[in-house]
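In this text, residue positions in the sequence shown follow this note's numbering: the first is 629, and each later residue adds one.
Built from N, CA and C at the ideal position, the CB exists for glycine as well.
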Amino acid sequence: MDQVREFDVIVLGAGPAGEVCAGRLARAGLAVALVERELVGGECSFYACMPSKALLRPAQALAETRRVAGAAQAATGSLDVAAALARRDEIVHRLDDASHLPWIEERGITLIRGHGELDGVRRMRVDGQLLRARRAVVLAPGSGPAMPPIRGLREAEPWTSREATTAKAIPKSLLVLGGGVVAVELAQAYASLGARVSVIEALDRLISREEEFASELVADALRAGGVEVVLGAKAVAVERGRAGVTMLLEGGRSLTGDQLLVAVGREPRTERLGLESLGIEASGFVEVDDTLRVPGHEWLYVLGDANGRVLLTHMGKYQARLAADRILGREATLRSDGALSPRVMFTEPQVAAVGHTLAGARAAGLNVRAVDQPITVAGETFVGHGAPGMARVVVDVDRAVLVGATFAGVDVGEWLQAATIAVIGEVPVARLVHAVPAFPTRSEVWLGLIERAIG
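Here's what the structure looks like:
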């Protein structure tokens, strides 16, 4: 008979969602096992959010310096690529998760390294060990890069985001398949570090889920940085040869680069988790209700990318807090979800958005209008001087509240929390008139937006 190790809660996946959930539960005094087969800290810490922003930051800092008279005269050199890559390596701790371990030990969490699979109700096997949870099991396995069914693509051994964010050298030329956040961030990063980059997107615009003006500003910035942007182009075949990687597009055009990055989306890591032992579909996203539990299995929670609700790190952490509270017997239900989720793309210009786009709000059946404001307020004299930018809020006409906001410009991500509070809190537009932005800060953009929203 197998020896069983018992815990109050078993958390599978030590990425941001799993870490937050496990930490919250352990702080409340529960016995928690945290199961991880790769690096504690997860995709975001080592292969996604953190390294990609590290690769983007040097060029953005240099660009801002060159916009400021007095400082610009001191910025006479070019980027040091080797130093930029070394700084990236520092930020991801050279793919060593040792720095993530002390907090686990401090909270008394039992870290179990290995591949975990469900083995019936509140049971999990981890490489031969059998674990049992007295209260709940939490699955937070994350996601991996999607690979579209294009002839020859897998055989060409393309990069995914993991290879692109951890590469030790910059290729002379890079093809980027995709036009979403990962694609455009890494395209801009590699172009700034010296690669000749081409972005190939099947749709007619980049970042198609955001406002059209944001797509246009980002596309213009990429082109200004030397990136070739190919829109409305469907890839039909890929081949790797002596000259590099060649991509054949519908219509006969071909593009060749030293390397190919595939960035067309993410797929949940829900296979090989033993879900079939519970009669749950063992591939694709796992359906959960607004308490993050799997219907029919009140003890089983699925967080983050694996449930498919919002594939963003901060939303996975939000879900983790709610799930932990629910396990602890508190009332906790999702309120910020789906279209209401805040999101930031760290290109230059940045794109920061929360809630609906204008088109999304109309598709949802809301009676809305858009209020636009160029980003030319007093604070722009000091940050982002002369750089293009646009802000939009989407106003629900019937309720006189904001249901969406989008900012596109230099360093606008820090503006987003104010918009998130307004949207999630359903603050009446008339009340926002009294939320006075300090002069001369960039938050003064809100003056024009709210005045137009009321008028």
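Contiguous alpha helix (DSSP H) assignments of at least 4 residues, all confined to the region 780 to 868: Annotation: the region 780 to 868 contains the following complete segments of the alpha helix (DSSP H) (minimum length 4 residues), in chain order: 789 to 794, 809 to 820, 840 to 852.
Contact set for Lys862: own chain, Cβ-Cβ below 7 Å, skip 5 residues either direction: The answer, listed in chain order, is Ala830, Leu877, Glu878.
C-alpha gap between Glu838 and Gln757, whole angstroms: Going from the Cα of Glu838 to the Cα of Gln757 covers about 46 Å.
contact_flag[the region 902 to 916, the region 930 to 937] where n(CB pairs < 8 Å) is 3 or more: They touch, by the three-pair rule.
Proximity winner among Gly670, Val749, Ser801, relative to Gly822 (alpha-carbon distances): Closest in C-alpha terms to Gly822, from the list Gly670, Val749, Ser801, comes Ser801.
Rounded C-alpha distance that separates Pro776 from Pro1065: Each residue's alpha carbon lies about 46 Å from the other.
Simplified DSSP assignment, three categories, for Val1038: In this structure, Val1038 counts as coil in the three-state DSSP scheme.
C-beta contact flag for Ala1050 and Leu1030 at 7 Å: Against a cut-off of 7 Å, the Cβ pair of Leu1030 and Ala1050 comes out as a contact.
Neighbour-count burial assignment, Ala842, 16 or more Cβ in a 10 Å radius: When all chains shown are included, Ala842 counts as buried.
Val1051, DSSP secondary structure in three states: Note: Val1051 maps to helix in three-state DSSP.
Reduced DSSP secondary structure (H/G/I, E/B, other) of Phe913: Phe913: coil per DSSP, three-state reduction.
Rounded Cβ spacing between Val1038 and Glu692 (contact assumed at less than 8 Å): A Cβ-Cβ separation of about 7 Å places Val1038 in contact with Glu692 under the 8 Å criterion.
Euclidean distance between Cα positions of Glu856 and Ala819: Near 10 Å, if we compare the C-alpha coordinates of Ala819 and Glu856.
Where the beta strand (DSSP E) containing Ala573 begins and where it ends: Past the boundaries of the shown model lies residue 573; the chain is included only from 629 to 1083, so the question cannot be answered.
Member of Arg741, Gly988, Met752, Pro977 whose CA lies at the smallest distance from the CA of Met1018: The option with the nearest alpha carbon to Met1018 is Pro977.
Residues of its chain near Leu667, where Cβ-Cβ distance is below 6 Å and the 5 sequence neighbours each way are ignored: Same-chain partners within the cutoff: Phe674, Asp725.
Segment limits, alpha helix (DSSP H) that includes Trp731: Residues 729 to 734.
In DSSP terms, what Ser882 is bridged to: According to DSSP, Ser882 shares a beta bridge with Leu876.
Rounded C-alpha distance that separates Glu791 from Ile1078: Between Glu791 and Ile1078, the C-alpha separation is close to 44 Å.
Close Cβ partners of Thr738 (< 6 Å) along its chain, the five nearest in sequence each way excluded: Taken in chain order, the residues that qualify are Ala661.
Terminal residues of the beta strand (DSSP E) in which Phe635 lies: 632 to 640 is the extent of the beta strand (DSSP E) around Phe635.
Val825 versus Thr884 - alpha carbon distance: Taking the straight line from one Cα to the other gives about 10 Å.
C-beta atoms of Gly893 and Ala774 nearer than 7 Å: The criterion of a C-beta distance shorter than 7 Å is satisfied by Gly893 and Ala774.
Beta-bridge partners of Gly772, as assigned by DSSP: DSSP, once it has assigned bridges, lists Glu895 as partnering Gly772.
Boundaries (first-last residue) of the beta strand (DSSP E) holding Arg741: Boundaries of the beta strand (DSSP E) harbouring Arg741: 738 to 741, taken from the DSSP string.
Gly744: first and last residue of the uninterrupted beta strand (DSSP E) it sits in: 744 to 746 is the extent of the beta strand (DSSP E) around Gly744.
Best match in Ala700, Arg1027, Pro686 for proximity to Ala711 [C-alpha to C-alpha]: It is Pro686.
Cα-Cα separation, Gly573 to Met678: Here the chain comprises residues numbered 629 to 1083, so residue 573 is not present and cannot be evaluated.
Cα-Cα separation, Val765 to Gly742: Annotation: Val765 to Gly742 spans about 16 Å, alpha carbon to alpha carbon.
Reference Arg870; option with closest CA among Gly744, Asp886, Gly880: Nearest of Gly744, Asp886, Gly880 to Arg870, Cα basis: Asp886.
Whole-number beta carbon distance between Gly1032 and Val1022, since they are thought to touch under 8 Å: That belief holds up - the Cβ atoms of Val1022 and Gly1032 are roughly 4 Å apart, short of 8 Å.
Simplified DSSP assignment, three categories, for Glu664: Secondary structure of Glu664 (DSSP, three-state): strand.
Collapsed DSSP secondary structure at Asp1000 in the structure displayed: The answer is strand: DSSP assigns Asp1000 an E or B state.
Status (buried if at least 16 other CB within 10 Å, exposed otherwise) for Ala642: It is buried - the Cβ of Ala642 has at least 16 other Cβ atoms within 10 Å.
Stretch-stretch touch, CB-based, cutoff 8 Å, three pairs: the region 650 to 660 with the region 960 to 970: Taking 8 Å as the limit for Cβ pairs, the verdict is that the region 960 to 970 does not touch the region 650 to 660.
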